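Engineer: Those protein sequence lines, which keep their order, are chains R and B. Everything in the first sequence is counted per the numbering used here, starting at 33 for the first residue and increasing by one. Everything in the second sequence is counted per the numbering used here, starting at 278 for the first residue and increasing by one. Glycine is no exception: its CB is placed at the ideal position from the N, C-alpha and C atoms. These numbers were taken from a predicted model, which means no experiment stands behind them. Sharing a structure, written as structure tokens. Questions coming.
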Amino acid sequence: MRADQTGDYRREKIWDPVIRLWHWLLVVSVSTGWLLGQFRDFATVEWHIYLGYCTGILVLIRLMWGIFGPVPVRLRTLLPSPSQIMEYTRHFGNRKPSGSPGHNPFGGLSVVIMLVLLAVQVCTGLFSEDDALFASGPLAGWISTGGVLRATAIHHVVATLLLVFVGMHVAAVLYYLLWKRENLIVPMITGWKWIRVIQRDP
Amino acid sequence: MRNILRFSAAIAGLSFLVTAAAGDDPLEDAIKARQGYMQVVKFNAAPLFGMAKGKIEYDAEAAKTYANNLQAAAMMKNGAMWPEGTDNVSYAGKTRTLPEAWTTYPKVAEANQVWIDATGELARVAGDGLDALRSKIGAVGEGCKGCHDDFRAEDF
């Protein structure tokens, strides 16, 4: 038996270099942007806007990669079928590694939701305004005052929703690490993950 | 005689027009007054923020004038612009002032005092160069937020 196979599990490269780099760039871009948004002040508010541009570009790259990228990151792979969700919930509490070759159904679904939220966040940010700091998105001047207020209100609500979803994402990764004894963090750095080999009848 | 009658009629007509323009609801007049007041504040603050951000060239005289105007506006005793019953529940669609401005009083007044102090600090140094302006403008923005974050709805 080779070293990259033990029992039912085999080491496979599931995350390509683009998606790994993308993931960690998104972590930096969204967390820094979020913090600069929540604790914005006169001196740093422009950086919040720049990080919004970065996040927007990253979302566009992800959409392209979701169409042209490898199978584990494709958008079609991310959206689970109801039967996949049912199957997954039955094994959710099991105290053993899933050995899944990519996102679990909820993970895939939450990736899609997070991408939508980020897209909404970037778009509303372009039209938002902070009148106490005299700072506004680059397109705020193109729409009515009422539109700017609405965009800003949505921008603030989605900021909270993003916090919730990122929190759930981190909580799920910790649950896998501590309860299911499956490390999902290292694969997102190296690309290599232990995958359960499908047992076939001899 | 006829001229006097015409004149009186004209005055009567005019005064009716003026009354109609001012509105017959003093509470709504107060809302309009404070919104106009905010426009004045914004008009004087915008160039100061523009200079501090480097979007407008710093001009010591102009900066001093705008900062003095801002301080003067901040020091106005304009509690009458905020009569009770002019929150965004009573006047939905007309104002963004939350009922909390009255129900948690005097919190809003304390926040207002922070803003008054910040404009005073700014007016003191705004003419002393760009760095001096920059050192005090952030606090003015924070002063705006002091009320806007807690006592103003995000939308009408």
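Tell me whether C421 (chain B), by its Cβ, gets closer than 7 Å to a heavy atom of the ligand PLP.
Structural biologist: The ligand PLP is not part of the structure shown, which contains no ligands of any sort.
Engineer: Tell me, to the nearest whole angstrom, how far the beta carbon of L347 (chain B) is from that of V318 (chain B); I am working on the premise that it is less than 8 Å.
Structural biologist: Counting from 1 along the second sequence, the entry for residue 347 (chain B) is found at position 70. Counting from 1 along the second sequence, the entry for residue 318 (chain B) is found at position 41. Confirmed, about 7 Å.
Engineer: Could you tell me if F74 (chain R) is buried or exposed, where buried requires 16 or more neighbouring beta carbons within 10 angstroms of its beta carbon?
Structural biologist: Numbered from 1 along the first sequence, position 42 holds the residue referred to as residue 74 (chain R). So F74 (chain R) counts as buried.
Engineer: Please list the terminal residues of the continuous alpha helix (DSSP H) segment that includes I227 (chain R).
Structural biologist: Working through the first sequence from its first residue, we reach residue 227 (chain R) at position 195. Not the alpha helix (DSSP H): I227 (chain R) falls in the beta strand (DSSP E), residues 224-228.
Engineer: Look at the alpha carbon of W359 (chain B) and the alpha carbon of K371 (chain B), and state the distance between them as a whole number of angstroms.
Structural biologist: Start at 1 with the first residue of the second sequence, and residue 359 (chain B) comes out as number 82. Start at 1 with the first residue of the second sequence, and residue 371 (chain B) comes out as number 94. Cα to Cα, the separation comes out at about 13 Å.
Engineer: Could you say which of B:E431, B:F433, B:D405, B:L399 lies nearest to N321 (chain B) if we only look at CA atoms?
Structural biologist: Walking along the second sequence from the start, residue 321 (chain B) turns up at place 44. Ranking the options by Cα distance to N321 (chain B), first place goes to B:L399.
Engineer: Around the C-beta of W226 (chain R), are 16 or more other C-beta atoms found within 10 angstroms, so that it is buried, or is it exposed?
Structural biologist: Within the first sequence, numbered from 1, the residue matching residue 226 (chain R) stands at position 194. Buried, by the Cβ-count rule.
Engineer: For S113 (chain R), name the three-state secondary structure that DSSP assigns.
Structural biologist: Indexing the first sequence from 1 puts residue 113 (chain R) at position 81. If DSSP states are grouped into helix, strand and coil, S113 (chain R) belongs with coil.
Engineer: So within the stretch 293-355 of chain B, which uninterrupted alpha helix (DSSP H) runs reach at least 4 residues, ignoring any that extend past its ends?
Structural biologist: Segments of the alpha helix (DSSP H) lying fully in the stretch 293-355 of chain B: 303-329, 337-352.
Engineer: Would you identify the three-state DSSP class for K45 (chain R), choosing helix, strand or coil?
Structural biologist: Numbered from 1 along the first sequence, position 13 holds the residue referred to as residue 45 (chain R). Note: K45 (chain R) maps to strand in three-state DSSP.
Engineer: By the criterion of Cβ-Cβ separation under 9 Å, what are the contact partners of G178 (chain R) in chain B?
Structural biologist: Sequence index remark: in the first sequence, residue 178 (chain R) carries index 146 (1-based). Here the neighbours are D432, F433.
Engineer: With DSSP as the reference, identify every bridge partner of D364 (chain B), one or two as the case may be.
Structural biologist: Within the second sequence, numbered from 1, the residue matching residue 364 (chain B) stands at position 87. Answer is none; D364 (chain B) lacks a bridge partner.
Engineer: If the cut is a Cβ gap below 7 Å, which residues of chain R does I414 (chain B) touch?
Structural biologist: Residue 414 (chain B) sits at position 137 when you count from the first residue of the second sequence. Residues of chain R passing the Cβ test: F74.
Engineer: Going by Cα to Cα distance, which pick from B:G420, B:I308, B:A339 is closest to L407 (chain B)?
Structural biologist: Looking up residue 407 (chain B) in the second sequence gives position 130. For the residues B:G420, B:I308, B:A339, the minimum Cα distance to L407 (chain B) belongs to B:A339.
Engineer: Please classify A167 (chain R): does DSSP put it in a helix, a strand, or coil?
Structural biologist: Locating residue 167 (chain R) in the first sequence gives position 135, where the first residue counts as 1. In this structure, A167 (chain R) counts as strand in the three-state DSSP scheme.
Engineer: Going by the beta-carbon positions, is the gap between L91 (chain R) and L150 (chain R) smaller than 8 Å?
Structural biologist: Here the question's residue 91 (chain R) lines up with position 59 in the first sequence. Here the question's residue 150 (chain R) lines up with position 118 in the first sequence. A quick correction: the sequence has Val, not Leu, at residue 91 (chain R). Yes.
Engineer: Look at the alpha carbon of D426 (chain B) and the alpha carbon of E419 (chain B), and state the distance between them as a whole number of angstroms.
Structural biologist: Here the question's residue 426 (chain B) lines up with position 149 in the second sequence. Here the question's residue 419 (chain B) lines up with position 142 in the second sequence. Approximately 10 Å between the Cα atoms of the pair.
Engineer: Give the C-beta separation of P104 (chain R) and W174 (chain R) to the nearest angstrom, bearing in mind that I take them to be a contact with Cβ-Cβ under 8 Å.
Structural biologist: In the first sequence, residue 104 (chain R) corresponds to position 72, counting from 1. In the first sequence, residue 174 (chain R) corresponds to position 142, counting from 1. P104 (chain R) to W174 (chain R), Cβ: 40 Å. No contact.
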